[in-house]
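Colleague: The UniProt record's numbering applies: residue 1 is where the sequence shown begins, and numbers increase by one. Just so it is clear, CB atoms sit at the ideal spot from N, CA and C, and this is done for glycine as well. Okay, handing you the structure first.
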Amino acid sequence: MASYTFGQHLIKSSVVFFRSRLTFAFVNRKPVVPGHVLVSPLRPVDRFVDMTGDEVADLFQTTQTLSKVIQDQYKASSLSIAMQDGPDAGQSVWHVHVHILPRKAGDFRKNDDIYDEVENHDHVNFDSSSRQEWRGEEEMAQEASILRKLFPLHFTSDIDL
Ligand code: AMP
């Protein structure tokens, strides 16, 4: 599979680090904290309510599988696991996704400030300054390649992608 659909975006397989039967996970182009990754159903589906039971089970099973590894890999002690479901909840990409955010003591002045960041970090005005804040493909691919090795049963090699 050369690329994955994520709402209006095409996600290159080089930035995807995990795939299950119904779900894929990839690195964020603008992480709120180091290790901020996204988990999505393979089928393009706008809202949580539109998912089948099988997709929901696979999405959350995958989120659980990833969460321990992500927490350890980024030397965090905790995780924020979040979903913005719908326009008034801050969803900006019309394809269900779970945010996994590694957390450390004192990483935000007030603990819940992270939710403001999740809501606002990716507001794009379609001007060049917003785009400059996005990470380059090479940096993202490098991070995904490190993470992929932590899940050897899911990708035996990059060629599988
Ligand atoms: P939300 O605002 O909850 O819909 O979150 C959308 C998330 O997708 C944000 O964390 C963005 O940084 C992230 N994002 C958007 N486009 C891409 C992309 N092409 N590659 C990786 N992450 C993306």
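Taking the DSSP output, what are the residues bridged to histidine 99?
Modeller: Histidine 99 is bridged to Leu38 and Ala82.
Colleague: Just tell me which of Val93, Thr52 and Glu133 has its CA closest to the CA of leucine 38.
Modeller: Of Val93, Thr52 and Glu133, the residue nearest in Cα terms is Val93.
Colleague: Would you mind sorting alanine 144 into buried or exposed? The rule is 16 or more other CB atoms within 10 Å of its CB.
Modeller: By the neighbour-count rule (16 or more Cβ atoms within 10 Å), alanine 144 is buried.
Colleague: When you get a sec, list the residues whose CB is within less than 5 Å of any heavy atom of ligand 1, chain order please.
Modeller: For ligand 1, the selected residues are His9, Asn28, Arg29, Lys30, Gln84, Gln91, Ser92, Val93 and Asp122.
Colleague: Can you say whether glutamate 138 is buried or exposed, counting buried as having 16 or more other CB atoms within 10 angstroms of its CB?
Modeller: Exposed, by the Cβ-count rule.
Colleague: Where does tyrosine 4 fall in DSSP's three states?
Modeller: In the structure shown, tyrosine 4 sits in a strand (DSSP, three-state: E or B).
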